[in-house]
Structures are given as structure tokens and as C-alpha cells.
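Notes follow once the structure below has been shown.
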Amino acid sequence: MTTEMQPLLRVRELRTWFHTFSGIVKAVNGVSFDLAAGEVMGLVGESGGGKSVVGYSLLGLIDPPGKIESGSILFDGEELANAPERRLREIRGREIAMIFQDPMTSLNPVHTVGRQMDEMLRLHTELDKKARRQRCVEMLESVGIARAEERLESYPHQFSGGMRQRVVIAIALLAKPRLIIADEPTTALDVTIQAQILRLMRREIRQQGASLILVTHDLAVVAEMVDKITVLYCGRVVETGPVRQVLEAPAHPYTRGLIDSIPDPAHRLPRLRQIPGTVPDIRALPKGCAFRARCSGAAAICSEVEPSLVARAEGQSAACHFPLVSGETA
Amino acid sequence: MMTRILATQIAFNWRRNLSAISGTVILLACLFMVAVGPSLVAQNPYDVMQLNLLDSYLPPVWLEGGNPNYLLGTDGQGRDVLAAVIYGTRISALIGLSATLLSCVIGTFLGLMAGYFGGWIDALIMRVADIQLSFPSMLIALFLMSAFGTGIDKILISLTAVGWVVYARTVRGSTLGERQREYVQAARVAGLRDAAIIWRHILPNVMTPLIVVATVQVGTFILIEASLSFLGVGVPVTQPSLGLLIKNGFDVLFSGLWWTSLFPGLMIMAMVFGINLLGDFLRDELNPRLK
Amino acid sequence: MTAMLEVQDLRQEFRLNPGLLDRISMKGGRLHLQDRIVSAVSGVSFSIAKREVLALVGESGCGKSTVAKAIARIYRPTAGNIRLDGQDIASLSQAELLPYRSKMQMIFQDPFASLDPRQKVRDIVAEPLRAQSGLASGEVAERVAALLAKVGLNTEHAGRYPHQFSGGQRQRIGIARALSVNPGLIIADEPVSALDVSVQAQILNLMMDLRDEFGLAYLFISHDLSVVHHIADRIGVMYLGFLVETAPRDRLFAMPRHPYTRALLSAAPSINPTRSRPEIELQGEVPSALALPSGCCFRTRCPYAWDRCAQERPALRDMGDGQSVACHLTDEPQRDMP
């Protein structure tokens with residue numbers, strides 16, 4: 003992990019709301035975090051947590067009825083929140099790249115892979131035609147696609163799911179972006195293919211010295227991939243910190259609950275420790291802590307005051323009035 | 002799917018859509034005319050005893066020589082054009098609606114069979130549909146009518162013969178999709194018979210797109226029926242629809258007696274226009290692909 | 471004691487593009503009728519005892535869901551026997567099946583697609599009951615209320631539509647539906663894979679509680695090894711339509727024999743940090759089921775494969791302690807070197 007004076011990405015109090023027919027969905031409601039150059043961060047949470055919306059907000063990909071209401075996204079000192087679309091277009095692909103869950107949504111089915119890769123380089127680099135082709139071939143080879151020259155002429159549907167995701171990763175890395183946002187990149191893939199893709203992503207990103215935000219619901223993937231973890235619940239950060247520390251000694255009962263919900267083959271229990279209840283309706287969040295209804299340690303203050311993120315240990319902070327001590331169960 | 006939410010959502014969008022509101026207003030006006038109209042006009046245009054030949058070819062009331070008893074003038078037999086339009090609209094609308102209903106029922110049934118059972122049933126129904134679609138529907142209707150002779154019942158049969166295809170194809174497509182869904186498999190595991198699965202599960206879930214098709218088809222059928230009647234192979238002269246009224250006036254149109262044709266024509270236009278406005282709105286609202 | 475379910479040499483093939491016109495092609499100047507046939511399941515045998523949980527694991531396309539749907543007789547199996555409580559149901563017609571439906575019910579993967587969006591919860595839950603029993607409507611209503619309570623919902627939920635529920639609650643409705651006719655066997659096709667982890671734990675706990683209370687047997691289909699380890703008594707590993715290994719849970723996790731099982735176990739990510747390097751890293755992807763490889767189905771990706779594997783298809787062989795493996799390595803263990 004590299005440390006610099008100023009982080010590559012500094013997000014402060016980001017609020018992205020969706021004004022729908024049935025009320026305001028506060029999908030992201032006051033999210034802050036820092037990401038250093040070369041750092042890999044996992045953004046985790048369950049559906050409705052707002053993790054994907056954070057990723058889309060960073061790239062300015064929020065469409066109406068959604069809107070970045072307030073907050074700041076400083077990328078290398080430049081404000082991206084509500085920046086003009088023209089500037090965002092320059093940044094997308096060149097500085098910040100995105101990898102989606104379904105590779106079919108990011109690849110155009112009617113163009114060859116070669117053409118789509120070439121377009122990316124034409125838009126974002128000064129390379130001439132020959133040099134661009136050279137770079138495309140190198141990139142495909144480095145993501146493990148054999149006969150790269152030939153495969154440039156193939157269409158996306160001629161690749162299998164795992165291969166398509168490799169192509170998407172190659173395109174994302176082409177212009178040597180400094181930040182990559184990967185939204186559930188392996189969720190649609192099988193375990194053995196997932197293992198291949200994760201290995202590949204880790205290697206390529208380290209090699210380029212890029213930073214990565216890995217948006218996922220899968221704590222096991224996070225444990226294997228990232229340096230730092232940020233846990234979201236109902237649009238807010240409930241806990242953040244170095245990944246080992248958070249997974250071994252979570253301070254927030256929600257993080258604890260998530261970890262306990264995963265069956266662990268090494269310690270089989272007759273019953274899983276489950277989080278009771280369901281995620282509350284995000285259009286009508288209760289006052290105070292959003293997790294309190296599902297929390298066994300909730301007290302009177304939890305329904306009055308919304309807890310803010312407070313540092314607990316080295317680099318670890320949690321938004322809870324009664325943070326867990328190391329080893330304690332929720 | 003989310004019937005209740007959708008219903009309010011549609012109402013919400015309807016209020017902000019000018020053409021949807023205009024379409025609804027026009028259609029409500031037509032409905033009002035058809036329902037209450039006959040009691041508002043003094044004359045029953047098809048009761049020969051009420052006609053007065055001396056009053057033939059009177060112009061509309063605002064022209065010179067107009068008679069306040071006949072607001073829109075009269076035709077060659079002294080028939081009140083307004084009354085004739087009201088009675089004619091009734092027949093046109095009746096034919097359009099019942100033929101649509103009939104086509105919908107028959108087409109939906111055949112589409113369900115084809116989509117659910119597949120195999121030779123599907124092949125048979127769909128090939129017949131393909132053949133039928135390779136002829137202009139007007140031509141088929143014209144051919145059938147010249148074979149059957151005039152009459153409202155015969156028009157209904159002809160229009161249904163032309164109209165079922167679009168339902169069959171739409172329903173077959175949706176049925177193929179629904180048949181793969183897990184809730185249909187769940188119904189099979191529950192032990193439901195095919196007929197029960199089709200009736201209870203598939204039919205309710207393939208109905209939505211039919212609303213759009215049916216709305217637009219009422220308009221199309223009114224037009225086809227008008228054309229047939231205009232050509233003289235539609236309704237009998239004793240039950241003149243709007244199309245037949247236009248034809249009756251057409252013979253004297255170039256003698257400057259335009260009102261006998263124009264007003265039934267305007268009526269058809271208004272009705273079909275209203276239907277299409279509403280149909281477009283429904284199409285946008287109910288089409289899942291545009292959402 | 472007879473097994474709750476005994477499956478013998480189950481085969482399930484699907485014909486692609488079944489239309490006559492699509493099957494005609496020109497070959498050597500002649501018209502030719504050709505069938506493109508996918509072998510989704512190529513001869514699978516196993517049995518499930520009463521109260522036992524057998525899990526089938528494998529990656530997408532391995533045929534595990536097809537096995538489940540063939541046994542539930544959503545499909546008509548191409549060949550093989552399916553003995554449910556002693557009676558072969560593989561070739562019964564839908565009408566003949568009706569009396570056996572109450573012994574076997576199913577829970578589906580997608581909690582959003584498996585409930586008819588236009589039915590109320592009470593009708594969804596009561597559907598198998600109404601189809602299979604002659605209960606009066608009052609008794610049905612009573613039973614529905616009891617079932618809803620059993621799965622953690624309450625009576626007022628009965629009048630609502632599926633879209634008013636979360637994914638986990640919908641899966642509870644699906645479970646209540648399956649329980650309604652008191653089956654001895656429940657086929658669960660990826661019942662928790664569409665759910666968030668915290669909800670997944672709730673549903674797994676519920677399924678275990680119900681098994682204890684009603685003495686259910688489960689055929690549990692899943693791709694998630696940690697879930698399978700939690701719920702299963704015995705595990706079968708499938709690859710490309712074949713069963714490559716079966717063993718009791720602890721045996722399989724401690725001593726996997728088939729190279730594919732080993733690869734699968736080592737590829738699964740874990741939140742447990744103290745883990746050795748992957749034992750087998752698989753290259754490449756699963757071949758198409760339209761053209762199965764000759765010999766062993768796994769040889770195209772197997773790091774140990776040698777010429778025998780291309781010529782001879784290995785049969786499932788009993789290795790003792792309830793473990794069976796279909797691999798030539800069991801004959802020539804000297805080749806099993808990392």
C-alpha cells in the first residue's frame with residue numbers, strides 16, 4: 003500500500019438521491035472515504051445498501067430521476083461531483099475506468115472487440131494506428147487471451163462469459179487509468195472462472211499501479227482481493243478499515259452479522275447466526291440508527307441519535323453507539 | 002404485475018399527458034352520444050313513418066334555407082343527418098367493439114394453445130396466421146363479404162377472421178415466455194393440469210399487451226367496416242352505419258349537397274382519432290420495453 | 471428401510487430448434503434432417519434416505535438444476551428410473567403423477583419469478599393443497615394460516631400480493647407452498663443463491679428447523695460450497711452432466727478425490743485468511759454440452775489427463791466410507807503428483 007500526502011480520491015458526504023413516484027430514495031446518504039494511489043478498496047453491503055450507486059456517482063453516471071444532491075468527489079484534487087458532462091467524458095476511460103457485472107452491457111454486440119478497443123485508445127491517447135493495434139494485442143495477451151491478433155476480429159458473442167469479462171478488463175486497463183471501479187465483476191461467473199478473473203485483476207492492477215474500488219456483496223471475494231474495506235448499510239458507511247482487522251474484529255454489529263451469516267466450513271455450527279428482520283424501506287428510514295431494529299445491542303439512544311463514524315482502532319472506524327470489542331458476538 | 006401501484010402510476014401519467022386526456026374526452030363524448038343521443042333527437046331516421054319527403058336535402062341550420070328541426074340538414078329522403086349520424090355511430094361502434102371482442106377471445110385462445118403446447122398445434126395455427134397475414138385484411142374482408150352477402154352478423158365474422166391473428170401472435174409470444182417462468186413450473190409441481198395452468202397462471206399474465214392491441218383494433222375495425230359499407234358489401238340499408246351514410250351522400254356530393262357525407266365522415270374521424278390517441282398512451286404505459 | 475428417492479441412470483436430453491424447417495439442412499447435395507441434441511444429464515444415479523440432505527454442487531451448465539427438474543417431473547426424462555418411495559415415476563403422465571406429487575415438492579431459485587405476480591399469497595400457498603386434496607375451503611384457509619406461521623409470516627400476509635414482499639419473505643412463501651401437502655422430499659433448486667447473505671442465513675436456518683420438525687429429506691442444488699457444507703449430509707459433485715464424485719460431507723471436504731472436486735474446493739474464495747495456496751488451478755472453460763468430449767468429461771481441463779482419459783469414460787466407483795469417484799486416477803495413483 004502506498005501512502006501519499008493527498009489521497010487519489012477523497013469522497014466527502016456524498017448524497018445521491020432518486021426522486022421517484024413513490025418517494026425519495028436516498029440510495030447514498032452521506033458517504034465519505036479516502037482512497038490512496040495504488041490502494042484496493044472493497045465497497046460491500048447487501049442489496050439496497052447503495053454500494054453500486056456510489057460507484058456510478060463517481061463516474062457521473064447517475065441518470066434522472068437520480069441526482070447527486072450534495073457532497074464532494076475530489077479526484078486528484080479535481081471536483082467531479084456535478085462536473086460538466088464534457089469533462090466527465092474525458093475522465094471516463096482515461097482516468098477512471100469501470101468494469102460491470104454483465105460484460106454484455108459494456109461491450110457493443112455489433113462491433114468487433116478490436117474496434118471497441120481501438121476506439122478507446124483513439125479517444126484517450128495520441129497513439130497512431132499501428133501503435134494502437136500493437137497495444138491492443140499486448141493487452142489481450144496479458145489478460146490471457148490466446149491468439150490475440152485473431153481474436154481482435156471477433157465479436158463479443160463469440161467469447162464465453164469468462165473470456166468476455168477478460169476482454170472488458172483489457173478494455174478498462176487499455177488507457178492506463180489511475181482508478182478502476184469494478185461493480186460485482188465476478189458475480190455472474192462460476193467459481194473456477196471467478197478464481198481466474200480475480201487472480202488476473204489483482205495482477206494487472208498491481209502492475210499498472212492503479213487503484214481499485216471493488217463493489218461486491220461477497221465478503222469472501224473481498225477478503226482475498228482488497229487492502230481496505232468499507233461497509234455500507236442503507237446508504238451510509240457503517241464501518242471502514244483495513245480488511246484483516248475488520249473481518250477479524252468487526253466493531254459494527256452489522257459487519258459482525260454479515261460475517262457470521264456466511265457458513266464457515268472450518269467451524270460448522272448447527273445453526274447459522276443470522277441477522278433478524280429485513281432491511282428497512284429506504285424511502286422511510288426510522289430516526290436514529292438505521293440498523294437498530296435488527297440489532298440485539300440497541301438501546302434508547304439508538305432510536306434518537308444517528309451514530310457518526312468514529313475511529314476505534316488503527317485505521318478502523320465504525321458508526322455505532324456501542325461498538326463491539328474484539329471477539330464479541332453481536 | 003404491481004397492479005395497484007401501476008394503476009396509480011398510470012393515472013399519474015395520464016393527468017400529465019395532453020393527448021391521452023383529449024383521446025379520453027373524445028371517446029367519452031362518443032359514448033355519451035351513442036348512449037343518450039337517440040333520446041335527444043326527435044326523429045328515428047329508420048322509421049319511414051317519421052320521414053317527410055318534402056324536407057329532403059335541407060342544408061344545415063346555419064345556411065340559408067336551413068330548418069331548426071334539422072341541425073345538420075337532411076338527406077334525400079328527408080332524414081335528419083344528425084339523427085342518422087347518431088344511429089350510425091351506434092352501429093359502427095357496436096360492430097367495432099364486438100368484432101374486437103370476438104377476435105380477442107378467439108385469437109387469445111388459439112395463441113395460448115400454440116404457445117403452450119407447441120408442436121404441430123403451434124405449427125398449424127401459426128402457418129394459417131402467416132397465410133392470412135400475407136393478404137391485405139381489407140381484401141380478405143371484401144372477399145368474405147361478397148361471398149356471405151350483407152348483414153351485421155356477417156361483418157362480425159369477416160372482421161374476426163381478419164382480426165384474430167394479431168392476438169394469436171401476441172399471446173403466443175408472451176405464452177412462450179411465461180411458460181418458461183418458474184411459477185409455471187411450480188404450478189406443475191403443485192399438480193395442476195394444463196388447462197388450470199393456462200387459465201389461472203398464463204392467461205392473466207399475457208393479458209396486458211392485449212389491451213393496447215384491442216384499443217387500436219377497435220379503430221381499425223370501424224374503418225374497415227366503413228369501407229365495406231361504403232363499397233356496398235357491409236351493413237344492410239335498413240341499418241346504415243357511418244360508412245353507408247357516407248356512401249349515400251357521396252352520390253350527390255358533387256351537386257353541392259356535401260353535408261350528408263361530411264358529417265358521418267367527421268364522426269368516424271373523431272372516433273378513430275380518439276381511439277388512437279388513447280392507444281398510443283396505453284402503448285407507452287404498458288410496454289415493458291419502454292420502461 | 472427403503473430410500474425416499476432412488477435415481478438410476480437418469481438421462482435428460484433436449485432437442486434444440488425443434489421446428490421441422492429449422493432441422494432441414496443441405497449435406498452433400500441432399501436434404502438432410504438433423505437434430506441438435508444437448509445432453510444435459512448423462513446417466514446420473516444416487517439415492518436419498520428419509521430425513522437425509524443430499525446436495526448436488528457444480529458450476530453452471532453441469533446439469534444439477536436439470537436433475538432437480540427431471541425428478542420433480544417438470545421435464546420428462548429421456549431415460550432412467552426415478553423411484554419415489556419405491557414407485558417409479560420417471561415415465562408417468564402428468565395425470566398419473568398426481569397422487570405422487572404430495573410426496574415431493576419443490577422450492578425454486580428465483581423468489582421473484584417463482585410466485586405468480588397476479589395471485590394472492592393465500593392462493594399461492596394453497597395451490598398444491600387444492601390440486602391434490604379434497605379439503606374444504608375452511609380447512610384450506612386454516613392450513614394456510616398455520617403454514618405461514620410455520621415459515622415466519624403471519625395471517626395478515628395472506629391477502630397480499632408477492633410484490634409487496636422482500637426476496638427472503640418471498641422465499642418463505644415458496645417454502646410454505648412446498649410444505650402444504652406434507653411432502654417427505656423437498657427438492658430445493660438454488661433456494662438461497664438469489665438472496666443477500668444475512669437473509670440466506672435466515673432461510674437456511676428455517677430449512678434446517680423444518681427438516682427436524684417434519685422429518686424432511688432434501689435434494690439441495692447449489693453452486694456455493696460453504697452453503698452446501700452447512701446444510702448437506704452427503705454431497706454429489708456434478709460436471710457436464712455427469713456425477714464425478716459423491717461422499718459424506720466431512721469426507722468430501724477433508725479428502726476430495728476427483729481433480730474437479732479438488733479444484734472446486736480450492737477455487738472457492740474464503741473469508742478465512744489462513745489458507746494454503748490453491749491446490750489445483752483450473753485453466754480454460756467448460757466445453758459445450760452439444761459436443762461432449764470423448765472419454766472423461768473433465769479431461770479437457772484436467773491437469774492430470776493422459777491418453778486413457780480420452781478413450782475410456784471412467785465409471786463411478788465405490789472407494790469405501792461412502793465415497794464414490796469417477797476418475798482413472800484411482801487406478802493409477804502414481805500419476806497423482808502435483
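Chains as they are written, first to last, in the working numbering: chain A, 3 to 332; chain B, 2 to 292; chain C, 471 to 808.
Every residue, glycine too, gets a C-beta built ideally from N, C-alpha and C.
Please read all numbers here as calculations on a predicted model, not as lab measurements.
So the candidates are B:I11, B:I22, B:F13 and B:A12; which of them puts its Cα closest to the Cα of F274 (chain B)?
Taking the second sequence and counting its residues from 1, one reaches residue 274 (chain B) at position 273. The residue with the shortest Cα to Cα distance from F274 (chain B) is B:I22.
Comparing C-alpha positions only, which one of B:N249, B:N277, B:F255 and B:G174 sits nearest to P265 (chain B)?
In the second sequence, counting from the first residue as 1, residue 265 (chain B) sits at position 264. The candidate whose alpha carbon is nearest that of P265 (chain B) is B:N249.
Within the 8 Å Cβ cut-off, does V193 (chain A) reach chain C?
Locating residue 193 (chain A) in the first sequence gives position 191, counting from the first residue. True, the Cβ-Cβ gap to chain C drops below 8 Å.
For W19 (chain A), which of helix, strand or coil comes out of DSSP?
In the first sequence, the residue the question calls residue 19 (chain A) occupies position 17. W19 (chain A): strand per DSSP, three-state reduction.
How about R732 (chain C): is its C-beta nearer than 8 Å to some C-beta of chain B?
Residue numbering aside, residue 732 (chain C) sits at position 262 when the third sequence is read from its first letter. Not one chain B Cβ lies under 8 Å of R732 (chain C).
Would you mind telling me which residues of chain C sit closer than 7 Å to Q276 (chain A), beta carbon to beta carbon, in chain order?
Sequence index remark: in the first sequence, residue 276 (chain A) carries index 274 (1-based). Within 7 Å of the CB of Q276 (chain A), the CB atoms of chain C belong to S668, A671, Q672 and N675, in sequence order along the chain.
Kindly list the residues whose CB is nearer than 7 Å to the CB of R14 (chain A), restricted to its own chain and excluding five residues on each side of it in sequence; keep chain order.
For the purposes of this step, residue 14 (chain A) is taken as the residue at position 12 of the first sequence. Hits under 7 Å: S34, G73 and S74.
Kindly confirm or deny that the segment 636-655 of chain C and the segment 573-582 of chain C touch, where touching means at least three C-beta pairs closer than 8 Å.
yes
The segment 511-539 of chain C: which residues have C-beta closer than 9 Å to a C-beta of chain B, in chain order?
Correct list: K539.
Please confirm whether G192 (chain B) and R571 (chain C) have their CB atoms less than 8 Å apart.
Here the question's residue 192 (chain B) lines up with position 191 in the second sequence. Here the question's residue 571 (chain C) lines up with position 101 in the third sequence. In contact: G192 (chain B) and R571 (chain C) (Cβ atoms closer than 8 Å).
Does I183 (chain A) pass the burial test, meaning 16 or more other C-beta atoms within 10 Å, or should it be called exposed?
Within the first sequence, the letter at position 181 stands for residue 183 (chain A). By the 10 Å Cβ count, I183 (chain A) comes out buried.
Give the straight-line distance between the Cα atoms of H202 (chain B) and M43 (chain A), rounded to the nearest whole angstrom.
To locate residue 202 (chain B), count along the second sequence from 1; it is residue 201. To locate residue 43 (chain A), count along the first sequence from 1; it is residue 41. Roughly 46 Å separates the two Cα atoms.
If V697 (chain C) sits next to P187 (chain A), beta carbons under 8 Å apart, how far is it from one beta carbon to the other, in whole angstroms?
Looking up residue 697 (chain C) in the third sequence gives position 227. Looking up residue 187 (chain A) in the first sequence gives position 185. With 8 Å as the limit, V697 (chain C) and P187 (chain A) do not qualify as a contact, their Cβ atoms being about 22 Å apart.
Between which residues of its own chain and S156 (chain A) is the CB-CB distance below 6 Å, once the five residues before and five after are set aside?
For the purposes of this step, residue 156 (chain A) is identified with residue 154 of the first sequence, where counting begins at 1. So the list reads V115, once near-sequence residues are dropped.
Using only CA atoms, which one of B:N206, B:I153 and B:V163 lies nearest to V172 (chain B)?
Position 171 of the second sequence, counted from the start, is the residue given in the question as residue 172 (chain B). Closest option to V172 (chain B), Cα to Cα, is B:N206.
Would I141 (chain B) pass as a contact of V163 (chain B) if the rule is Cβ separation under 8 Å?
Along the second sequence, one-based indexing puts residue 141 (chain B) at 140. Along the second sequence, one-based indexing puts residue 163 (chain B) at 162. Yes, these two residues count as a Cβ contact at 8 Å.
Would L37 (chain A) and S319 (chain A) be called neighbours here (beta carbons separated by less than 8 Å)?
As a working mapping, residue 37 (chain A) is identified with position 35 in the first sequence. As a working mapping, residue 319 (chain A) is identified with position 317 in the first sequence. In this structure, the beta-carbon distance from L37 (chain A) to S319 (chain A) does not fall below 8 Å.
Counting only runs that start and end within the segment 203-262 of chain A, where is the alpha helix (DSSP H) found for 4 or more residues in a row?
221-227 and 245-250
Taking contact to mean at least 3 C-beta pairs separated by less than 8 Å, is the segment 113-131 of chain B in contact with the segment 172-181 of chain B?
yes
For R12 (chain A), does the three-state DSSP call read helix, strand or coil?
Here residue 12 (chain A) refers to the residue found at position 10 when the first sequence is read from its first residue. Reduced to three states, the DSSP call for R12 (chain A) is strand.
Nearest to V621 (chain C) by CA position, among C:S764, C:S650, C:I507 and C:T770, is which residue?
Here the question's residue 621 (chain C) lines up with position 151 in the third sequence. Of the listed residues, the one whose Cα sits closest to V621 (chain C) is C:S650.
For the alpha helix (DSSP H) containing S59 (chain A), name the first residue and the last one.
For the purposes of this step, residue 59 (chain A) is taken as residue 57 along the first sequence, with counting starting at 1. Counting along the chain, the alpha helix (DSSP H) containing S59 (chain A) begins and ends at K53 to L60.
What first and last residue would you give for the alpha helix (DSSP H) that runs through N675 (chain C)?
Here residue 675 (chain C) corresponds to residue number 205 of the third sequence, with the count starting at 1. Its alpha helix (DSSP H) spans residues V667 to F684.
Can you tell me the Cα-Cα spacing of F251 (chain B) and S242 (chain B), whole angstroms?
The count along the second sequence starts at 1 and reaches residue 251 (chain B) at position 250. The count along the second sequence starts at 1 and reaches residue 242 (chain B) at position 241. Distance between the alpha carbons of F251 (chain B) and S242 (chain B) is about 14 Å.
Name the DSSP beta bridge partners of Y688 (chain C), please?
Against the third sequence, residue 688 (chain C) aligns to sequence position 218. Looking at the DSSP assignment, Y688 (chain C) forms a beta bridge with C:V523 and C:I656.
Take the Cβ of S298 (chain A) as the centre, count every other Cβ of all protein chains shown within 10 Å, and call the residue buried at 16 or more, exposed below.
Working through the first sequence from its first residue, we reach residue 298 (chain A) at position 296. By the 10 Å Cβ count, S298 (chain A) comes out exposed.
Show which residues of chain A have a CB atom less than 9 Å away from the CB atom of V714 (chain C).
In the third sequence, counting from the first residue as 1, residue 714 (chain C) sits at position 244. By Cβ distance, chain A contributes nothing, its closest Cβ being about 14 Å from V714 (chain C), past 9 Å.
Report the three-state DSSP secondary structure of T221 (chain B) (helix, strand or coil).
Locating residue 221 (chain B) in the second sequence gives position 220, where the first residue counts as 1. Of the three classes helix, strand and coil, the one that applies to T221 (chain B) here is helix, per DSSP.
G178 (chain B) CB to nearest chain D CB: under 8 Å?
This model lacks chain D altogether, as its protein chains are A, B and C.
Can you tell me where the beta strand (DSSP E) with N68 (chain B) in it begins and where it stops?
Along the second sequence, read from residue 1 onward, the residue named residue 68 (chain B) stands at position 67. From DSSP, N68 (chain B) is part of no beta strand (DSSP E); its letter is neither H nor E.
Less than 6 Å between C-beta atoms, sequence neighbours within five positions excluded: which residues of the same chain meet that for K155 (chain B)?
In the second sequence, the residue the question calls residue 155 (chain B) occupies position 154. Only F149 meet the Cβ criterion.
So which of A:L60, A:G40, A:H254 and A:H21 has the shortest CA-CA distance to Q209 (chain A)?
On the first sequence, position 207 is the one that residue 209 (chain A) refers to. Q209 (chain A) has its Cα closest to that of A:G40, out of A:L60, A:G40, A:H254 and A:H21.
Using 10 angstroms around the beta-carbon of Q160 (chain A), count the other beta-carbons present and answer buried if the total reaches 16, otherwise exposed.
Start at 1 with the first residue of the first sequence, and residue 160 (chain A) comes out as number 158. Label assigned to Q160 (chain A): exposed.
Of the choices A:A83, A:M203, A:L61 and A:I70, whose alpha-carbon is the least far from that of R91 (chain A)?
Reading the first sequence from its first residue, position 89 is the one you call residue 91 (chain A). Residue A:L61 is the option with its Cα nearest to R91 (chain A).
Are the C-beta of V333 (chain A) and some C-beta of chain C separated by less than 8 Å?
Examination of residue 333 (chain A) is not possible in this model, given that chain A is present from 3 through 332 alone.
Can you tell me the Cα-Cα spacing of P581 (chain C) and I645 (chain C), whole angstroms?
The sequence position of residue 581 (chain C) within the third sequence is 111, counting from 1. The sequence position of residue 645 (chain C) within the third sequence is 175, counting from 1. Cα to Cα, P581 (chain C) sits roughly 10 Å from I645 (chain C).
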